[in-house]
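Novice:
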Amino acid sequence: MEVLTTKINKKKLVHIDYLYYKQKNVKIGIRWVCVHKGLCDGSVTTDDGINFVLKFGDHHHKGNTDLINTERAKCIMKNAAKQNYDIPSRIFALNVIPLSNESRQLIPKEDSMKRTLRR
1 MEVLTTKINK KKLVHIDYLY YKQKNVKIGI RWVCVHKGLC DGSVTTDDGI
51 NFVLKFGDHH HKGNTDLINT ERAKCIMKNA AKQNYDIPSR IFALNVIPLS
101 NESRQLIPKE DSMKRTLRR
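The opening position of the sequence shown corresponds to residue 1 in UniProt numbering, with each subsequent residue numbered one higher.
1) Do Asp41 and His15 have their CB atoms nearer than 8 Å?
2) Output the boundary residues of the alpha helix (DSSP H) element that contains Phe92.
3) Among the residues of its own chain, which have a CB less than 7 Å from the CB of Gln23, if the five just before and after it don't count?
4) Give the list of continuous beta strand (DSSP E) stretches no shorter than 3 residues that lie fully inside the stretch 9-77.
5) In this structure, what does DSSP give as the bridge partners for Leu4?
6) Helix, strand or coil for Lys114? Go by DSSP, reduced to three states.
7) For the alpha helix (DSSP H) that Ser103 lies in, which residues bound it at each end?
Following this line, the structure appears as structure tokens:
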């Protein structure tokens, strides 16, 4: 289980090749729902410390490691842009090179991503 932090400090959860975003806090912990919101009913409920899965709902699709690798790279790029003053093209290149071809196809176009990193 891994938690990714986006540029605006929102959290995404990676669990068993599926990607979730935080929906809400519930009595027993935190409820996360699948990023394929309208197409999938997959959900996970974790404890407040995000250490244990308390409930797990089934998905209507297979896990996508390429999507997870892409989201991980995007989060790393955005956090790197906030923390240092490296130029966006260098940040983009350093994080896209290790990705597989399938993952690279899911990354936004370079110009769009560089614009996002400048903000």
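Glycine is no exception: its CB is placed at the ideal position from the N, C-alpha and C atoms.
Specialist: So, from the data block:
1) On the sequence shown, residue 41 is found 41 positions in, with the first residue counted as 1. On the sequence shown, residue 15 is found 15 positions in, with the first residue counted as 1. No, the Cβ-Cβ distance between Asp41 and His15 is not below 8 Å.
2) Along the sequence shown, read from residue 1 onward, the residue named residue 92 stands at position 92. Per DSSP, Phe92 belongs to the alpha helix (DSSP H) from Pro88 to Val96.
3) Counting from one through the sequence shown, the residue named residue 23 turns up at place 23. Taken in chain order, the residues that qualify are Arg31, Trp32 and Val33.
4) If we require 3 residues or more, the beta strand (DSSP E) runs fully inside the stretch 9-77 come out as 11-15, 18-26, 29-34, 43-46 and 53-56.
5) In the sequence shown, residue 4 corresponds to position 4, counting from 1. Within the DSSP secondary-structure output, Leu4 pairs in a beta bridge with Lys12.
6) Counted from its first residue, the sequence shown places residue 114 at position 114. Shown here, Lys114 sits in a helix according to DSSP, grouped into three states.
7) Indexing the sequence shown from 1 puts residue 103 at position 103. Residues Asn101 to Leu106.
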